[in-house]
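Worksheet for the structure shown next.
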Amino acid sequence: MAKEEKFIMAGDCAIRVSDTRRGDRTIVLLHGYLESLDVWDEFTSLLAPSARVIAIDLPGHGVSEVKGETHTMEFLADTVRAALDTLDVQRAVLVGHSMGGYVALEFLRKYPDRLAGLVLLHSTPNADSEKKREDRLREIALIKGGKKELISKSFPHVGFAPQNRFRLSRYIQELSEQIVMTEDEGIVAILRGLRERRDLNDTMRNSSVPQLIILGRHDEYITPPVAEALVAAQPQAQVVWLENSGHMGFIEEPQTTADAILSFTGHLFPTQGTDTPTA
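Numbering (this note's numbering), first residue to last: 2 to 280.
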């Protein structure tokens with residue numbers, strides 16, 4: 002699988018993207034909180050034979066630019082739209098992992114005509130609870146207090162189902178290292194934006210854009226009761242349960258996750274797409 006990695010301007014924000022550049026359907030991968038586009042490296046190889054796959058370092062993550070003190074989900078969605086403009090992509094399926102799903106949902110609210118489909122991968126249209134909003138303030142205090150390494154040591158393993166943590170310890174270590182490398186200012190800006198995000202259940206439920214929700218049976222962030230309530234509240238969406246995954250199904254059960262996404266996207270684009278570069 003050949004892919005190009007480069008910096009582009011998305012509006013006035015410099016971001017890093019990777020792009021496989023070939024395919025009659027375009028899938029855009031949006032990473033989660035404290036991740037980067039690197040988290041998709043192996044997963045991209047499962048999608049690329051069937052689709053053009055673009056991954057983006059969202060502002061404040063990876064090596065993309067930090068823009069201001071607060072990165073709202075609306076700003077991140079605007080940046081994704083500007084990136085698609087720069088890459089000459091007219092319509093795509095957005096696959097949003099966790100925080101990336103919040104961005105994808107804001108994109109759905111603002112730019113539904115640019116979406117062929119929406120995939121929430123371990124994500125939810127619910128706004129933060131009051132407890133979660135307080136937790137984010139505590140996390141901001143840790144970052145400002147120079148204690149980012151505490152987050153890097155305590156956060157990554159929780160994303161994996163307990164039975165997968167030993168088997169996937171390499172990925173847990175890589176995620177821990179990614180947190181350490183993420184700029185403090187970017188983390189704080191994202192946390193502020195996460196606290197402000199709106200409830201988008203109605204937006205999602207009332208949209209005609211095809212939707213797929215992928216959930217893990219062992220997710221400790223979106224617990225089974227929360228996930229079941231989400232499924233009940235969004236009857237228009239297709240749903241796939243990953244029986245052996247926590248919050249990182251594209252790493253824990255990559256082939257099952259890729260098959261679900263490719264099956265979902267298979268009929269959303271015309272046979273001859275307009276998003277495939279000719280050179």
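Glycine residues also receive a C-beta, built at the ideal position from the N, C-alpha and C atoms.
Thinking just about the alpha-carbon of each residue, which of ASP58, LEU195, ALA49 and LEU85 is nearest to the one in SER130?
Stepping through the sequence shown from its first residue, residue 130 is reached at position 129. Considering only ASP58, LEU195, ALA49 and LEU85, the residue with the shortest C-alpha distance to SER130 is LEU195.
I'd like to know if the segment 248-266 and the segment 108-124 are in contact, where contact means that at least 3 CB-CB pairs between them fall below 8 Å.
At 8 Å Cβ cutoff, the stretches touch.
Pick from GLY101, LYS154, SER51 and ALA105: whose alpha carbon is nearest that of ALA261?
As a working mapping, residue 261 is identified with position 260 in the sequence shown. The closest CA to that of ALA261, considering only GLY101, LYS154, SER51 and ALA105, is found on SER51.
Ignore the nearest five residues each way along the sequence and tell me which others in THR266's own chain have a CB closer than 7 Å to its CB.
Along the sequence shown, read from residue 1 onward, the residue named residue 266 stands at position 265. Sequence-distant partners of THR266 (beyond 5 residues in either direction) whose C-beta falls short of 7 Å from its own C-beta, in its chain, are ARG26, ILE28, ALA52, VAL94 and GLY118.
Does DSSP put GLU178 in a helix, in a strand, or in coil?
Numbered from its first residue, the sequence shown carries residue 178 at position 177. Shown here, GLU178 sits in a helix according to DSSP, grouped into three states.
How long is the line joining the alpha carbons of ARG166 and GLY146, rounded to whole angstroms?
For the purposes of this step, residue 166 is identified with residue 165 of the sequence shown, where counting begins at 1. For the purposes of this step, residue 146 is identified with residue 145 of the sequence shown, where counting begins at 1. Counting only the Cα atoms, GLY146 lies some 29 Å from ARG166.
Excluding five sequence neighbours on each side, which residues of the same chain lie with their C-beta closer than 8 Å to the C-beta of ARG223?
Against the sequence shown, residue 223 aligns to sequence position 222. Per the sequence shown, the amino acid found at residue 223 is Ile instead of Arg. Contacts found: HIS123, SER124, THR125, LEU216, GLY217, LEU231 and HIS248.
For SER170 and ALA128, I'd like the C-alpha separation in whole angstroms.
Position 169 of the sequence shown, counting from 1, holds the residue named residue 170. Position 127 of the sequence shown, counting from 1, holds the residue named residue 128. If you draw a straight line from the Cα of SER170 to the Cα of ALA128, it is about 31 Å long.
Give me the residue from ALA162, PRO163 and LEU109 with the minimum Cα distance to ASN207.
Locating residue 207 in the sequence shown gives position 206, where the first residue counts as 1. When C-alpha distances from ASN207 are compared across ALA162, PRO163 and LEU109, the shortest belongs to LEU109.
Within its chain, find whatever has a CB closer than 6 Å to the CB of GLU107; leave out the 5 residues flanking it on each side and keep chain order.
In the sequence shown, residue 107 corresponds to position 106, counting from 1. Excluding residues within five positions, the ones whose Cβ falls inside 6 Å are MET74, GLU75 and ALA78.
Using only alpha-carbon positions, find the residue among VAL18, GLU186, ALA190 and ILE141 that is nearest to ALA84.
Translated into positions along the sequence shown, residue 84 becomes position 83. Nearest to ALA84 by C-alpha distance, out of VAL18, GLU186, ALA190 and ILE141, is VAL18.
Please return the same chain residues whose Cβ sits closer than 6 Å to the Cβ of GLN239, not counting the five positions on each side in sequence.
Working through the sequence shown from its first residue, we reach residue 239 at position 238. For GLN239, the CB contacts under 6 Å within the same chain, skipping 5 residues up- and downstream, are LEU213 in chain order.
Tell me the DSSP secondary structure of HIS98 in three-state form.
Walking along the sequence shown from the start, residue 98 turns up at place 97. Three-state result, HIS98: strand.
C-beta neighbour in chain B for ASP86, strict 9 Å
The structure shown has no chain B; it contains just one protein chain.
What does the alpha-carbon distance come out to for the pair VAL210 and ILE16?
Counting from one through the sequence shown, the residue named residue 210 turns up at place 209. Counting from one through the sequence shown, the residue named residue 16 turns up at place 15. Taking the straight line joining both Cα atoms gives about 27 Å.
Check each candidate in GLY33, SER46, ARG23 and GLY12 and name the one with the smallest Cα separation from PRO157.
Within the sequence shown, the letter at position 156 stands for residue 157. Per the Cα distances, GLY33.
Is LEU88 helix, strand or coil when you go by DSSP?
Walking along the sequence shown from the start, residue 88 turns up at place 87. Of the three classes helix, strand and coil, the one that applies to LEU88 here is coil, per DSSP.
Can you pull the DSSP bridge partners for GLY118?
The sequence position of residue 118 within the sequence shown is 117, counting from 1. Beta-bridge pairing links GLY118 to VAL94.
Measuring CA to CA, which of ARG137, ILE173, LYS154 and ALA162 is closest to LEU192?
Numbered from 1 along the sequence shown, position 191 holds the residue referred to as residue 192. The shortest C-alpha to C-alpha distance from LEU192 to any of ARG137, ILE173, LYS154 and ALA162 is the one to ARG137.
Check whether the Cβ atoms of ILE252 and PHE8 lie closer than 9 Å to each other.
By one-based count along the sequence shown, residue 252 stands at place 251. By one-based count along the sequence shown, residue 8 stands at place 7. Cβ atoms of ILE252 and PHE8: not closer than 9 Å.
Hey, would you say LEU30 sits closer than 9 Å to HIS72, going by beta carbons?
For this step, residue 30 is matched to residue 29 along the sequence shown. For this step, residue 72 is matched to residue 71 along the sequence shown. No, the Cβ-Cβ distance between LEU30 and HIS72 is not below 9 Å.
Limits of the beta strand (DSSP E) - the one that GLU6 falls within:
To locate residue 6, count along the sequence shown from 1; it is residue 5. 5-11 is the extent of the beta strand (DSSP E) around GLU6.
Three-state secondary structure (DSSP) of THR266:
Numbered from 1 along the sequence shown, position 265 holds the residue referred to as residue 266. Three-state result, THR266: helix.
GLU175 and ASP39: beta carbons closer than 9 Å?
Taking the sequence shown and counting its residues from 1, one reaches residue 175 at position 174. Taking the sequence shown and counting its residues from 1, one reaches residue 39 at position 38. Inclusion of GLU175 and ASP39 in the CB contact set at 9 Å is warranted, their separation being smaller than that value.
Applying the criterion that 16 or more other CB atoms from any shown protein chain within 10 Å of the CB defines a buried residue, is ARG198 buried or exposed?
For the purposes of this step, residue 198 is identified with residue 197 of the sequence shown, where counting begins at 1. By the neighbour-count criterion, in which 16 or more other beta carbons inside 10 Å mark a residue as buried, ARG198 falls on the buried side.
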